[in-house]
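Participant: Below is a structure I'd like to ask you about.
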Amino acid sequence: MTSLSIGELGLQTHCKVQTIRWYEEVGLLPPPARTAGGHRLYEEQHLARLDFIRHARELGFPLNAVRALLALSGRPERPCEEAHALASSQLAAVEDKLRRLEALREELVRMTEACRGGVAAECRILETLADHSHTHCVSPAHGAAIAEGTDAAL
């Protein structure tokens, strides 16, 4: 393989140039060689490592877990218990998120089914959203998501 520019690496990995630079900055991607003009030159190892990072991120692994998984992948003699623990932790996080999303889905279904149409002054959806007590929530998980802050909870 010939060396790739940062743009070419981005195209091959479907990764933005800005993200590649950031992965370098935080130490997930080793710094590449540079041309006399200072342009980055990426090799096969960078491509493989960036693919690994992207796949891990698509699975939702946080950066510290990606870093640990990369370290393990570079040490093939090590047992995979740590990788298993990291994947199990991520699975638990995904399952928790799915439970919270299901609670939100149930609440939205209930709200839309309660809507009788008509004018905004009588809209059950708007009434429900304006009720900050959340006593109408059918799921305790929905209330927990609200307490945590919806963006943080999802």
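Numbering (our numbering), first residue to last: 994 to 1147.
Just so you know, even glycine gets a beta-carbon here, dropped at the ideal spot from N, CA and C.
In this text, all values refer to a predicted model and were calculated from it rather than measured experimentally.
(1) Return the first residue and the last residue of the alpha helix (DSSP H) that Phe1054 is part of.
(2) Can you tell me whether Ala1078 is buried or exposed, with buried defined as 16 or more other CB within 10 angstroms of its CB?
(3) Less than 8 angstroms between the CB atoms is what I'm expecting for Ser966 and Glu1036, so what's the real figure, rounded?
(4) Around the C-beta of Gly1020, are 16 or more other C-beta atoms found within 10 angstroms, so that it is buried, or is it exposed?
(5) Nearest-angstrom Cα distance between Ser1082 and Pro1072?
(6) Over the uninterrupted alpha helix (DSSP H) stretch that includes Glu1075, give me the two end residues.
(7) Can you list, in chain order, the residues of its chain with a C-beta nearer than 8 angstroms to that of Arg1047? Leave out the 5 residues immediately preceding and following it.
(8) On the DSSP bridge list, what partners appear for Leu1034?
(9) From the DSSP output, read off the bridge partner residues of Leu997.
(10) Out of curiosity, what's the CA-to-CA distance linking His1039 and Gly1110?
(11) Roughly how many angstroms lie between the CA atoms of Asp1089 and Glu1100, to the nearest whole one?
(12) When burial is assigned at 16 or more other CB atoms within 10 Å of the CB, is Pro1069 buried or exposed?
(13) Work out the CA separation of Gly1003 and Ala1145 for me, nearest whole Å.
(14) Hey, how far is the Cα of Leu1052 from the Cα of Arg1092?
Facilitator: Let's see:
(1) From DSSP, Phe1054 is part of no alpha helix (DSSP H); its letter is neither H nor E.
(2) Counting Cβ neighbours within 10 Å, Ala1078 comes out exposed, since fewer than 16 surround it.
(3) This structure cannot settle anything about residue 966, because the visible part of the chain is limited to 994 through 1147.
(4) Flag for Gly1020 reads exposed.
(5) Going by the C-alpha atoms only, they are around 17 angstroms apart.
(6) Glu1074 to Ala1107 is the span of the alpha helix (DSSP H), which, as asked, contains Glu1075.
(7) Cβ contact annotation for Arg1047 (same chain, cutoff 8 angstroms, sequence separation greater than five): Thr1006, His1007 and Cys1008, in chain order.
(8) In DSSP, Leu1034 forms a bridge with Ala1026.
(9) The partner list for Leu997 (beta bridge, DSSP) reads Tyr1035.
(10) Those two C-alpha atoms are separated by around 56 angstroms.
(11) The alpha-carbon atoms of Asp1089 and Glu1100 are separated by roughly 17 angstroms.
(12) By the 10 Å Cβ count, Pro1069 comes out exposed.
(13) Any answer about Ala1145 is weak, because its pLDDT of 47 lies below 50 and its placement is not dependable; what the coordinates show is given next. Near 29 angstroms, if we compare the C-alpha coordinates of Gly1003 and Ala1145.
(14) So the two alpha carbons sit approximately 17 angstroms from each other.
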